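S.K.: Sharing a structure with you now.
There are 2 protein chains.
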Amino acid sequence: MTSKKVIEVFYDVVSPYSWLGFEVMCRYRHVWNIELKLRPAFLGGIMQGAGNKPPGLVPNKFMYMMKDLTRLSEYFGVPLQKPSDPFEAMFQKGSLSAMRFVTAVQEREKGGDKQVEQVSRELWRRIWTEDKDITEPASLAEAAMKAGLSDSDIEEALKLYTSKEIKDKLKNATQDALNHGAFGFPMVVCHLNGKPEMFFGSDRFELMAHCIGEKWLGPQPNKSAAKL
Amino acid sequence: MTSKKVIEVFYDVVSPYSWLGFEVMCRYRHVWNIELKLRPAFLGGIMQGAGNKPPGLVPNKFMYMMKDLTRLSEYFGVPLQKPSDPFEAMFQKGSLSAMRFVTAVQEREKGGDKQVEQVSRELWRRIWTEDKDITEPASLAEAAMKAGLSDSDIEEALKLYTSKEIKDKLKNATQDALNHGAFGFPMVVCHLNGKPEMFFGSDRFELMAHCIGEKWLGPQPNKSAAKL
C-alpha cells in the first residue's frame, strides 16, 4: 500500500474560482489516493503580499470572467451566480470576517474537517449563489446553521473569531500560502516526495493528475464514473 | 453531414501560452469537425487596447509561470524553454516585426495556411526554444526557410511586411480580437450557430470541447488515440 499524497487547498470564499477548485478537490478526496488539507486563508492578504491586482479590474477581463464563470458553473456543477454588485461584494465588503469565522470553526473542530468544509460551502452559497451578506455575525451564524453546526458550536465560534489567536491563525495560513509563492486563489499544493508542487487556479487539475500519477475524470468524477 | 464549426485562434509568437494553444488547435483540426482559422495578431496592441498588464510583472506570478510552462511543455509535448532574458525578449524586443512578417506570409499564401502555420511555429521555436532573435529581417528569413518557404517567397514576404497594407492588416486582426473582448492571447473564438463564444488561454480546451459538442482527448490527441 502506498501512502496517501498530502494535498493542501488554499482558498477564500470571496473567490468564485476558489469555489470551483474547492469542490473539485473535495470530490477527488474520495477518488484519488490523497489526504486533503483545507487551508482557509485571506485573499486580500495574498494580493497585498504578492503585489497583485484582482483580475476583474480590467474591463474586458471582468466581462470574460463573468461569462467564463457561467460556463464553468454548469460544467463543474457548482451553482455560481454573479452577485448584483460584484465589486461591492468582493472588494468593498470582502471576506475578512468570513475567513476568520471559518478559521474559528477549523480551530474548534476535532477529528476531521466536515464542519470547515460545510461552513465554507454555505458561505460561498451566500455570496456566490444567493447574493447575501457574509460580513455580519448574523450572516455567519446563518451559514453555520445551514452547515449543520449546533447552536452552542455557533455561539463558541462567534465568540472566538475576533480573538487575537484566530486573527493570527488566519494571518499564518495566508503567510504559508505566500511562502509557497501564491499570488491569488485557489492555490493547491501537492506534496510529492517531500517536494511541494504548486498549482494556481481551477484549470490545472488535468495537469495536476498527470503530475501526481492519478487519473483526471473531469470536474464531476462521480458523474463520469457513472457513465463509464 | 453537419457543417464544420468555424474556430478562430488569435495568437502572437511572443506568447508561450499562445504556442501551447496554437499547437493544440492545429492538432485538433484533424480530430474535431472544425474549420480552423489562424489569426496572427499583435499582443502589445491587445494589452494597450484592453488596458491590461502582462502577468509576468508580478514576481510570484512570473515565478509560477516559468514553473507552469515547464510542466505544461512536457505534458503538451511543445518544446518550451525560457529565454535567457525573458523580459528583454518579450517586452523590449517584442514581436511587432515578427507578427507583421507572419501577416505578410498569410497575405501571400493561397489555398491553405500551411506556410502561416509553419512560419509561426518556427518563430516560436526561435524565441521560446532556441533563445534566438525574432526582430531582424535575417531572423525572419531563417525562420521562413526552416518552415520550407522558397527563396522567392521569402524575398517577397520581406518586401511586403513593412508595407502599410500589412501594417493595417495586422492592426485590423488585433482590433477584431479586441472587439471579441480579448485582454490577452491565446484567444479562441468558436462560432456556434452564428454566435461567437470566446475562450481565453490554453486551459479551457476541455470546457470548449464540452461547449462545441466534441470530445477532449488531452493536449496530444494522437498519442491518446494511439493508447485507446
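If you're matching them up, the sequences are chains W and L in order. Note that the first sequence covers residues 97 to 324 in our numbering. Note that the second sequence covers residues 97 to 324 in our numbering. Where is the CB? At the ideal position from N, CA and C, for every residue including glycine. Values in this document were obtained by computation on a predicted structure and should not be read as measured data.
Distance cutoff 8 Å, beta carbons only. Does K157 (chain W) sit that close to anything in chain L?
M.R.: It does; some Cβ of chain L falls within 8 Å.
S.K.: Would you tell me roughly how many angstroms separate the C-alpha atoms of F183 (chain L) and K228 (chain L), rounded to the nearest one?
M.R.: Rounded to the nearest angstrom, the two C-alpha atoms are 14 Å apart.
S.K.: For a test of the three-state rule: what should DSSP assign to I142 (chain L), helix, strand or coil?
M.R.: In this structure, I142 (chain L) counts as helix in the three-state DSSP scheme.
S.K.: Rounded to the nearest angstrom, how far is the Cβ of P282 (chain W) from that of S298 (chain W), given a contact under 8 Å?
M.R.: Indeed, because the Cβ distance is near 6 Å, the residues count as touching under 8 Å.
S.K.: Using three-state DSSP, classify Y160 (chain L) as helix, strand or coil.
M.R.: Y160 (chain L) falls in the helix class under three-state DSSP.
S.K.: G208 (chain L) versus chain W: which residues are under 9 Å apart at the beta carbon?
M.R.: Going along chain W, no residue has its Cβ under 9 Å from G208 (chain L), so there is no contact; the nearest lies around 31 Å.
S.K.: Going by Cα to Cα distance, which pick from L:S191, L:I130, L:W128 is closest to P112 (chain L)?
M.R.: Looking at the Cα atoms, L:S191 is the closest of the given residues.
S.K.: Give, in chain order, every residue of the region 158 to 191 of chain L whose Cβ lies closer than 8 Å to some Cβ of chain W.
M.R.: The residues in question are M159, Y160, K163, D164, R167, L168, Y171.
S.K.: Taking all protein chains shown into account, do 16 or more other C-beta atoms lie within 10 angstroms of the C-beta of P148 (chain W), making it buried, or fewer, making it exposed?
M.R.: The amino acid occupying residue 148 (chain W) in the given sequence is Asn; Pro does not appear at that position. Looking at its Cβ environment, which holds 16 or more other Cβ atoms inside 10 Å, N148 (chain W) is buried.
S.K.: If you draw a straight line from the alpha carbon of R196 (chain L) to that of E205 (chain L), how long is it in whole angstroms?
M.R.: Each residue's alpha carbon lies about 14 Å from the other.
S.K.: Kindly identify the DSSP beta-bridge partner or partners of I103 (chain L).
M.R.: Answer is L:L132, L:C286.
S.K.: So E203 (chain W) packs on L165 (chain W), CB below 8 Å; how close in whole Å?
M.R.: At roughly 31 Å, the Cβ-Cβ gap does not stay under 8 Å, so E203 (chain W) and L165 (chain W) are not in contact.
S.K.: On a CA-only basis, which of L:E302, L:K242, L:I223 is nearest V212 (chain L)? Give me that one, please.
M.R.: Closest by alpha carbon: L:K242.
S.K.: Kindly say whether L236 (chain W), judged by its beta-carbon, lies nearer than 8 Å to any beta-carbon of chain L.
M.R.: Not an interface residue.
S.K.: Helix, strand or coil for E310 (chain W), going by three-state DSSP, please let me know.
M.R.: Coil, per DSSP.
S.K.: Whole angstroms are fine: how far does the CA of E293 (chain L) sit from the CA of L274 (chain L)?
M.R.: Rounded to the nearest angstrom, the two C-alpha atoms are 14 Å apart.
S.K.: Which residues does DSSP list as the beta-bridge partners of E341 (chain L)?
M.R.: A question about residue 341 (chain L) goes unanswered here, because the residues of chain L that appear run from 97 up to 324.
S.K.: Counting only beta-carbon separations shorter than 8 Å, does C326 (chain W) have a partner in chain L?
M.R.: The question about residue 326 (chain W) has no answer here: the residues shown for chain W are numbered 97 through 324.
S.K.: Using a Cβ-Cβ cut-off of 8 Å, state whether G141 (chain W) counts as contacting chain L.
M.R.: Chain L contact via Cβ: absent.
S.K.: DSSP three-state call for L153 (chain L): helix, strand or coil?
M.R.: Helix.
S.K.: Is the Cβ-Cβ distance between P136 (chain L) and V198 (chain L) less than 8 Å?
M.R.: Yes, these two residues count as a Cβ contact at 8 Å.
S.K.: What alpha helix (DSSP H) runs, 4 residues minimum, are completely inside the region 179 to 255 of chain L?
M.R.: Runs of the alpha helix (DSSP H) inside the region 179 to 255 of chain L: 192 to 204, 210 to 224, 233 to 242.
S.K.: Do we get a CB-CB distance below 8 Å when we pair V201 (chain L) with the residues of chain W?
M.R.: Answer no: the Cβ-Cβ gap between V201 (chain L) and chain W never drops below 8 Å.
S.K.: Among W:K157, W:Y107, W:V102, which residue has its Cα nearest to the Cα of G277 (chain L)?
M.R.: Minimum Cα distance to G277 (chain L) is reached at W:K157.
S.K.: Taking the continuous alpha helix (DSSP H) assigned at P315 (chain L), which residues delimit it?
M.R.: From DSSP, P315 (chain L) is part of no alpha helix (DSSP H); its letter is neither H nor E.
S.K.: Roughly how many whole angstroms lie between the Cα atoms of F138 (chain L) and G280 (chain L)?
M.R.: Taking the straight line from one Cα to the other gives about 10 Å.
S.K.: Mind checking the region 303 to 314 of chain L against chain W and listing, in chain order, the residues whose C-beta falls within less than 8 Å of any C-beta there?
M.R.: Listed in sequence order: L303, H306, C307, G314.
S.K.: Which residues of chain W have a Cβ atom closer than 7 Å to the Cβ of A240 (chain L), listed in chain order?
M.R.: By Cβ distance, chain W contributes nothing, its closest Cβ being about 33 Å from A240 (chain L), past 7 Å.
S.K.: For V154 (chain W), decide whether its Cβ has a neighbour in chain L, counting only Cβ atoms nearer than 8 Å.
M.R.: Yes - at least one Cβ of chain L is within 8 Å of the one on V154 (chain W).
S.K.: Closer than 7 Å, Cβ to any Cβ of chain W: which residues of the region 274 to 287 of chain L, in chain order?
M.R.: Correct list: G277, A278, F279.
S.K.: Can you look up M97 (chain W) in the DSSP assignment and give me helix, strand or coil?
M.R.: With a pLDDT of only 49 at M97 (chain W), under the threshold of 50, the placement of this residue in the model should not be trusted, and no figure is reported.
S.K.: Helix, strand or coil, according to DSSP, for G280 (chain W) in the structure here?
M.R.: Coil at G280 (chain W), not helix or strand.
S.K.: Could you pull out every residue in the same chain whose Cβ sits closer than 6 Å to the Cβ of L236 (chain W), ignoring the five residues on either side in sequence?
M.R.: Only F197 meet the Cβ criterion.
S.K.: On the CB-based measure, 16 or more other CB atoms within 10 Å of its CB, does L245 (chain L) come out buried or exposed?
M.R.: Result: buried.
S.K.: Going by beta-carbon coordinates alone, are F295 (chain L) and M304 (chain L) separated by less than 8 Å?
M.R.: It is a contact, given that the beta carbons lie within the stated cut-off.
S.K.: Does DSSP put N148 (chain L) in a helix, in a strand, or in coil?
M.R.: It is coil, neither helix nor strand.
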